Amino acid sequence: MKLIFKIYKTRISMLNILCIGLFLLPLGLYAQVTNIPDPNFEQALIDLGIDSDGMINGQVLTSDIENVVTLDVNHRFIEDLTGLEDFSALELLDVSGNILYLLDVSENILLKELYFNSQSPGFSMLMTSLDFSSNVNLEIVEAGNVIFLENLNLKNGANSILTISLPCQFEGEPCELTELQCITVDDEVAANNNELPYSRWYFAANFIYSEDCSLGTNDINEKLFSIYPNPVNEVLVLNGTKNIGKLKTQIYSTEGKLLNTHNIDFNKQTSIDVSNLSNGIYFLNIEDESGRVEVKKFVKQ
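Here our numbering is used: the first residue of the sequence shown is 1, the next is one more, and so on.
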């Protein structure tokens, strides 16, 4: 009798476990979500019919995005692309005209085309580093006015990038990406000899190609100016390494709106009153008599 009861009890326990498992299984499936913290990014996904719940709730079903091949979210005032990593089938991405400090496509290994242009005179592409070393299928990269770009890694082991263009324009005139001095590639000899596919690449910068930019390079572009304090409350001090003569300084918002312009006689140091600016991030454009331009980012607080 005890044996029969034990067997019966065991069967009941197994049945309970099975029922609980069957109950939790669909819950587990529905629980597969991807966080989308930027409401403008999520709104764009809703407008495109990708986010199926149609609500701004900081998340999207992973099943809604994992098979998306083309994603065009240009000019949507997006600042954070968190969640992009789960677009595992993505082949074409356009994030032009947004306010991006970071662009990470390292998990989008099927990506073939990438566009992140910003319109002059705005400086909406604020990232300082771009790394495409994981994107072995990447063929086309088009950007514009990535004015603060310092590090660019195109070494993906495949030499797959057929066309890349990083131009720069300021108020309709060509400018340079003055912070970009070295570009990491698979074959530095072929690149510096302007062989294919490197001969089809264009950068508005004075730089060298290297297979390891971390080894350091000579300062190709001498920086003539520095600013302090940063962040600043009322007065921004502009220092120069030498007497420049006449300067034109302009302050822009992150949306590219010109806020003020000053023409000054510069003698190694000058002060700029920023007390009337609201708290936030701004860009100081400095142009000398020869047309050489440097851009400095500062925070008003």
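Built from N, CA and C at the ideal position, the CB exists for glycine as well. Keep in mind that this is a model prediction, so the values were computed, not measured.
Measure the C-alpha to C-alpha separation of residue i and residue j and round it to an integer number of angstroms.
| i | j | result |
| --- | --- | --- |
| Val-295 | Gly-256 | 13 Å |
| Phe-207 | Leu-103 | 22 Å |
| Asp-212 | Ile-272 | 39 Å |
| Pro-301 | Asn-233 | For the record, residue 301 in the displayed sequence is Gln; it is not Pro. Approximately 5 Å, taken between the alpha carbons. |
| Ile-227 | Asn-135 | 37 Å |
| Thr-163 | Phe-132 | 14 Å |
| Asn-108 | Tyr-115 | 14 Å |
| Val-69 | Ser-275 | 47 Å |
| Asp-219 | Glu-179 | Caution applies to Asp-219, whose pLDDT of 48 falls short of 50 and renders its modelled position unreliable; the value that the coordinates give is listed next. So the alpha carbons of these two residues sit roughly 10 Å apart. |
| Ser-324 | Gln-250 | This structure gives no information on residue 324, because the portion of the chain shown stretches from 1 to 301. |
| Leu-284 | Thr-82 | 29 Å |
| Thr-261 | Leu-247 | 10 Å |
| Asn-159 | Leu-149 | 21 Å |
| Asp-72 | Gly-58 | 19 Å |
| Ser-214 | Phe-266 | 35 Å |
| Ile-147 | Ile-36 | 27 Å |
| Glu-289 | Asp-80 | 38 Å |
| Ala-190 | Asp-86 | 35 Å |
| Tyr-209 | Met-55 | 46 Å |
| Asp-53 | Leu-84 | 18 Å |
| Leu-110 | Leu-90 | 6 Å |
| Glu-42 | Asp-51 | 7 Å |
| Gly-157 | Pro-229 | 42 Å |
| Leu-177 | Ile-78 | 23 Å |
| Lys-112 | Leu-154 | 13 Å |
Can you pull the DSSP bridge partners for residue i?
| i | result |
| --- | --- |
| Pro-174 | Gln-169 |
| Glu-294 | Ile-286 |
| Ile-264 | Leu-247 |
Just reading off the alpha helix (DSSP H) that residue i is part of, what are its end residues?
| i | result |
| --- | --- |
| Ala-191 | 188–192 |
| Asp-64 | 62–65 |
| Gln-43 | 39–47 |
Would you give the residue range spanned by the beta strand (DSSP E) that residue i belongs to?
| i | result |
| --- | --- |
| Glu-113 | 113–117 |
| Leu-335 | What is shown of the chain runs 1 to 301, which leaves residue 335 out entirely. |
| Asn-233 | Counting along the chain, Asn-233 falls outside any beta strand (DSSP E), and DSSP gives it neither H nor E. |
| Glu-287 | 280–288 |
| Asn-182 | For the sequence presented, residue 182 should be read as Cys rather than Asn. Counting along the chain, the beta strand (DSSP E) containing Cys-182 begins and ends at 182–184. |
| Gly-245 | 245–253 |
| Val-274 | No beta strand (DSSP E) holds Val-274; DSSP gives it neither H nor E. |
| Ser-199 | Counting along the chain, Ser-199 falls outside any beta strand (DSSP E), and DSSP gives it neither H nor E. |
| Asn-153 | 151–153 |
| Thr-241 | Per DSSP, Thr-241 belongs to no beta strand (DSSP E) and is neither H nor E. |
| Ser-210 | 208–210 |
Given a threshold of 16 other Cβ atoms within 10 Å of its Cβ, counted over all protein chains shown, does residue i qualify as buried or as exposed?
| i | result |
| --- | --- |
| Thr-34 | buried |
| Asn-117 | buried |
| Gln-269 | exposed |
| Arg-76 | buried |
| Thr-184 | buried |
| Asn-193 | exposed |
| Ser-96 | buried |
| Val-235 | exposed |
| Tyr-282 | buried |
| Gly-49 | exposed |
| Leu-138 | buried |
| Gln-181 | buried |
| Val-299 | exposed |
| Asn-239 | exposed |
| Lys-242 | exposed |
| Leu-29 | Because the pLDDT of Leu-29 is 49, which lies under 50, any placement of that residue in the model is unreliable, and the number read from its coordinates should be weighed accordingly. Burial call: exposed. |
| Gly-144 | buried |
| Tyr-202 | exposed |
| Asp-47 | exposed |
| Glu-195 | exposed |
Could you confirm whether any beta carbon from chain D is found closer than 7 Å to the beta carbon of residue i?
| i | result |
| --- | --- |
| Gly-97 | This model lacks chain D altogether, as it is built from one protein chain only. |
Item to check | Runs of beta strand (DSSP E) wholly within the region 65–149 (minimum 3 residues, chain order) | outcome: As for any beta strand (DSSP E) of minimum length 3 sitting wholly inside the region 65–149, the runs are 70–72, 92–94, 113–117, 129–131 and 140–144, ordered along the chain.
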